[in-house]
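Residue numbers (this note's numbering): 219 to 361. Note that beta-carbon positions come from the ideal geometry of N, C-alpha and C, so glycine has one too. Notes to accompany the following structure.
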Amino acid sequence: MLLEKPYKVAIIDDSQAMRTFLLNICAQNPSFEAHAFEDGEKALTYIEREKVRLVLVDINMPTMFGDDLLRRCMALKLGIQVYVVTGADSLMIADRCMNVGARGVIPKPLLLEGCTQALAESERFFEQWNQSFHYFLKHKKSA
219 MLLEKPYKVA
229 IIDDSQAMRT
239 FLLNICAQNP
249 SFEAHAFEDG
259 EKALTYIERE
269 KVRLVLVDIN
279 MPTMFGDDLL
289 RRCMALKLGI
299 QVYVVTGADS
309 LMIADRCMNV
319 GARGVIPKPL
329 LLEGCTQALA
339 ESERFFEQWN
349 QSFHYFLKHK
359 KSA
């Protein structure tokens, strides 16, 4: 399946200030269209319905922990790239998230740099996917 721009991003964080900050970072890159959510359940509904390609999720939230949302995103098997944002200084959290399928963990002290890098990595990944998709389409037609 060809991935179309703008790539949809879901931002999930219980902090309004953090959601606004992350939305502003995403708004600087025209390849992405971001929507923010305070609640993991509402975000999951949106993620499934709108074919979200990238998720930025806070690990510590009151109704659904970020690693639970990560697991549920991975269970959808839609190729969603998930980055976990955390202020916790724990290798255990990072390791647990990576083992479940997170593409990366962004520490809050490095939020601007980490999010900018996550967007760039995701965009490269999506572009490579599209190139592969076009290659297989071309060779399937000529075979």
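Query, Result
"Checking the sheet assignment: what are the DSSP bridge partners for Glu251?", "Lys226"
"When the Cα of Leu337 is compared with those of Gln349, Ser350, His352 and Arg321, which residue comes out closest?", "Arg321"
"With DSSP as the reference, please indicate the residues paired to Thr304 in a beta bridge.", "Pro325"
"Using beta-carbon positions only, say whether Val303 and Val273 come within less than 8 Å of one another.", "no"
"For the beta strand (DSSP E) containing Leu272, list its first residue and its last residue.", "Leu272 to Asp276"
"Would you decide whether Ala245 is buried or exposed? Buried here means 16 or more other CB atoms lie within 10 Å of its CB.", "exposed"
"Using alpha carbons as the reference points, say which of Ser340, Ser233 and His352 lies closest to Gly305.", "Ser233"
"Check whether the segment 343-354 touches the segment 256-267, counting contact only when three or more Cβ pairs, one atom from each stretch, lie closer than 8 Å.", "no"
"From Val350 to Lys295, what distance separates their C-alpha atoms?", "Correcting the residue identity first, residue 350 is Ser in this sequence and not Val. In a straight line, the C-alpha of Ser350 is about 19 Å away from that of Lys295."
"Please tell me whether Lys326 and Lys269 are closer than 8 Å, where the distance is taken between their beta carbons.", "no"
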